[in-house]
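Here the structure is laid out as structure tokens; the discussion comes afterwards.
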Amino acid sequence: MKIIKTLSFLAVAVGCASHAMAADFSFDRPGAGFGTGITPVGKLAWEQGLPSASYSEARVDGQKVKTTTLNADMLFRTGLAEDLELQLGWQGPAWSQTKAAGRRIEEHGLGDVSIGLKKAIDLNDDKLSMAVLAEAILATGNDEFSNGDDIYSLSSAVAYDYNDLISTSLTMRYEVQNSDWAVSAVPTIEYKIAGNLSGFSEFFFRKAESEEKEYALGTGLIYAVNDRLQLDASVGVDLNGAYKGYQSGLGVSYLF
226 MKIIKTLSFL AVAVGCASHA MAADFSFDRP GAGFGTGITP VGKLAWEQGL PSASYSEARV
286 DGQKVKTTTL NADMLFRTGL AEDLELQLGW QGPAWSQTKA AGRRIEEHGL GDVSIGLKKA
346 IDLNDDKLSM AVLAEAILAT GNDEFSNGDD IYSLSSAVAY DYNDLISTSL TMRYEVQNSD
406 WAVSAVPTIE YKIAGNLSGF SEFFFRKAES EEKEYALGTG LIYAVNDRLQ LDASVGVDLN
466 GAYKGYQSGL GVSYLF
């Protein structure tokens with residue numbers, strides 16, 4: 226029943242989009258947003274974290290708690306039509322270490338899986354492109370590395386190419402988890418540095434129901450080895466107050 230419900234949500238959400246023409250293919254790594262390109266029909270894109278890492282500090286019952294997490298997240302994308310792709314994701318194997326009150330606890334396990342449909346939207350503009358993504362994250366992972374409840378989301382990405390050197394994009398994400406809503410916004414700027422090397426910078430904002438607003442900054446480098454292979458490295462920092470929070474990641478993406 227869970228799979229039928231998920232597929233029905235994806236079909237309805239993507240079906241609301243208008244007729245589309247796909248933008249040039251691009252990988253969705255790295256960053257919190259996603260690109261507007263669609264994987265060509267008959268091709269498979271594999272986007273792999275090597276791994277992704279996060280570090281956070283919080284205070285619980287008067288004690289400072291430090292948590293470090295590593296996970297080898299992955300995403301598979303394949304084209305179903307010129308303007309439509311299927312996405313299958315997995316947060317992968319994960320490891321965490323928590324330090325508090327002189328104690329150290331290590332845990333390991335598996336993360337949640339996700340399924341999504343991304344559809345390109347034709348805006349009749351050579352420099353402006355758009356895509357929508359309907360996604361379901363299924364809480365199939367171990368308790369320590371799972372969201373607890375399924376998350377259903379509908380996101381949109383709009384990208385504008387100023388010239389061959391600079392492009393900008395805005396990703397908006399609306400999600401619901403156990404009847405609680407949340408909204409995220411991720412404005413991003415991408416820029417060529419030299420040759421096949423480029424960079425990106427982004428600002429992340431999220432507001433969940435009955436929770437404080439979240440802010441973060443991220444930046445990274447992308448190296449296109451060729452038309453099929455991409456390497457990336459990124460770092461990010463939370464801006465949520467007195468407690469520290471950092472993210473980093475290395476990744477490789479390949480188009481089969």
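Numbering (this note's numbering), first residue to last: 226 to 481. Just so it is clear, CB atoms sit at the ideal spot from N, CA and C, and this is done for glycine as well. Keep in mind it's a predicted model, so treat the numbers as computed, not measured.
| Check | Outcome |
| --- | --- |
| From G314, K432 and P318, pick the residue whose C-alpha is nearest to that of V411; which is it? | K432 |
| Pair every Cβ in the segment 256-276 with every Cβ in the segment 294-311, then say whether three or more of these pairs are closer than 8 Å. | yes |
| Enumerate, from N- to C-terminal direction, the unbroken beta strand (DSSP E) stretches of 3 or more residues contained entirely within the segment 261-338. | 269-285, 288-296, 299-306, 309-315, 318-325 and 328-335 |
| Which of the three DSSP states, helix, strand or coil, is assigned to E369? | helix |
| Using the three-state DSSP reduction, which class does D486 fall into: helix, strand or coil? | A query on residue 486 cannot be resolved here, the shown segment of the chain reaching from 226 to 481 and no further. |
| On the CB-based measure, 16 or more other CB atoms within 10 Å of its CB, does D308 come out buried or exposed? | buried |
| Does DSSP classify N451 as helix, strand or coil? | coil |
| Beta carbon of A257: closer than 8 Å to some heavy atom of the ligand FMN? | Ligands are entirely absent from the displayed structure, and the ligand FMN is therefore not among its contents. |
| So what's M246 in DSSP terms, helix, strand or just coil? | Low per-residue confidence applies at M246: pLDDT is 45, beneath 50, and the placement is therefore not dependable, though the value from the model is reported in the following sentence. Of the three classes helix, strand and coil, the one that applies to M246 here is coil, per DSSP. |
| Out of L335, H333 and A359, which has the shortest C-alpha to C-alpha gap to A345? | A359 |
| Under a Cβ-count criterion, where at least 16 other Cβ atoms within 10 Å of its own Cβ denotes burial, should Q288 be classed as buried or exposed? | exposed |
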